[in-house]
Amino acid sequence: MLPDAVTLCEVGPRDGFQFEDTPIPTDVKRDVITALADAGLPRIQVASFVHPKWVPQMADAEDVVAGLPARDDVIYTGLALNRKGLERAHAAGLAHVDLSIATNDPHSRANANRTVDEAIAQAEAMVEYARAHDLQAQVGLQTVFGYAAPGDTPLDRVVRMAERFAARGIESLSLADTTGMANPVMIRERVEAVQAVIGDVPLVLHLHDTRGLGLANVVAALESGVTWFDTSLAGMGGCPFVPGAAGNIATEDTAYLLRELGITTGVDLYAVAETAQRVEAFLGKTFPGKIHRLVGQDSAQARV
Ligand code: ZN
């Protein structure tokens, strides 16, 4: 049975923009975020608090947050990968932070030069910091469905980590298919194993469409009871380990799929599509999302 309603969290302003070489002015970022909020996205990840040396596009994270209109129908979140980033997100005035932890040792060593156990210890300290400062923390587990090969992240470790963090008072738990290696069978298996140990902590799926299985994975997750997905405007984004990879599942495509399945999202997919077209025009490129290309076309067959 499918759920009646699903929450979409927009991650394009972070997961998408951070892959763009063209510097995007702060006010353009804010305009896009505001348009997405107006389009009904209830939660938007607006920036990453990483060192600007690693991700120059995110150097204005504080300024982006400072200029956003306060609204009680939208939650703004920021990504923090270490204590310093968490302190910055808090100082910027965010009430919600997204933390992200490696689950796969070769990945953790290559990416952050530490073991997964060291990453867990650091993340636990970050969760404590968040609790002590009234910050709602979402903990995201990276490469849950594979790093160098599909399924090479041990499921028992993912389950142990999920259980451990769920017991620490986090707001929500996210499973990320960072490399786009998940398939519907793996989604079912891993989602259900994690659901069994996290009690009533909401489960989020963060899917990349690297191999074109993104929306098939959404359907499998819906059938397993998942009601919360990260999506990215126009399918922006990529994967740092997969050259030329596609981005996240596209917000407007996911909203379209859910609408066709009779599931409520509250998202105006036409407004999202128009925002996607504006971002494409600004950056002078085409993103992999599909529905935004149809909106505005003068053809009965292009109707969405
Ligand atoms: Zn991602």
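Here the sequence shown is numbered in the numbering used here, starting from 327 and rising by one per residue. C-beta: ideal position from N, C-alpha, C; glycine also.
- The closest heavy atom of the ligand ZN lies 7 Å or more from the beta carbon of Thr479.
- Taken through DSSP and simplified to helix, strand or coil, Thr553 comes out as coil.
- Between Gly366 and Asp594, the alpha-carbon positions lie close to 6 Å from each other.
- Partner residues in the beta bridge of Asp503, as assigned by DSSP, are Leu533.
- In the displayed model, Thr612 falls within coil according to three-state DSSP, outside both helix and strand.
- Closest by C-alpha distance to Gln468, out of Pro614, Leu499, Glu518, is Leu499.
- Between the stretch 614 to 622 and the stretch 335 to 354 there are fewer than three C-beta pairs closer than 8 Å, too few to call the two in contact.
- Partner residues in the beta bridge of Leu425, as assigned by DSSP, are Ala406, Val465.
- Residue environment for Val511: exposed (fewer than 16 other C-beta atoms within 10 angstroms of its C-beta).
- For Ser434 and Leu584, the gap between their C-alpha atoms comes out near 34 Å.
- Around the beta-carbon of Gly338, 16 or more other beta-carbon atoms lie within 10 Å, marking it buried.
- Bounds of the beta strand (DSSP E) holding Ser374 are 369 to 374.
- When DSSP reads this structure, Ile401 sits in a beta bridge with Arg369.
- In this structure the stretch 478 to 494 touches the stretch 441 to 454; the number of beta carbon pairs closer than 8 Å is three or more.
- Closest option to Gly495, judged by alpha-carbon separation, among Gln462, Ile370, Gly570: Gln462.
- Membership of Thr333 in the beta strand (DSSP E) is indicated by the continuous run 333 to 336.
- For His534, the distance from the CB to the nearest heavy atom of the ligand ZN is below 7 Å.
- Exclusion of the five residues before and after Arg483 leaves Thr429, Val442 as the residues of its chain whose Cβ lies within less than 8 Å of its Cβ.
- Take the alpha-carbon of Leu425 and the one of Ala519: they are about 21 Å apart.
- Comparing alpha carbon positions, the residue from Trp554, Leu405, Pro349 closest to Leu328 is Trp554.
- Exclusion of Asn408 from the 7 Å shell around the ligand ZN follows from its C-beta lying no nearer than that to any non-hydrogen atom of the ligand.
- Set against 7 Å, the gap from the CB of Asn430 to the closest heavy atom of the ligand ZN is not smaller.
- Shortest gap from the CB of Ala502 to any heavy atom of the ligand ZN: under 7 Å.
- Within the same chain, Gly338, Pro339, Leu559, Thr601, Arg604, Val605 come within 8 Å of Val358 by CB-CB distance, once the 5 residues on both sides are set aside.
- Secondary structure note for Thr360: its alpha helix (DSSP H) is the uninterrupted segment 352 to 364.
- By the 16-neighbour rule on beta-carbons within 10 angstroms, Leu362 is buried.
- With 16 or more neighbouring CB atoms inside 10 Å of its own CB, Thr403 falls in the buried class.
- In the DSSP annotation of this structure, the continuous segment of the alpha helix (DSSP H) that includes Gln448 starts and ends at 442 to 458.
- Contact between His534 and Thr557 does not hold, since the beta-carbon distance rounds to 11 Å and is not under 8 Å.
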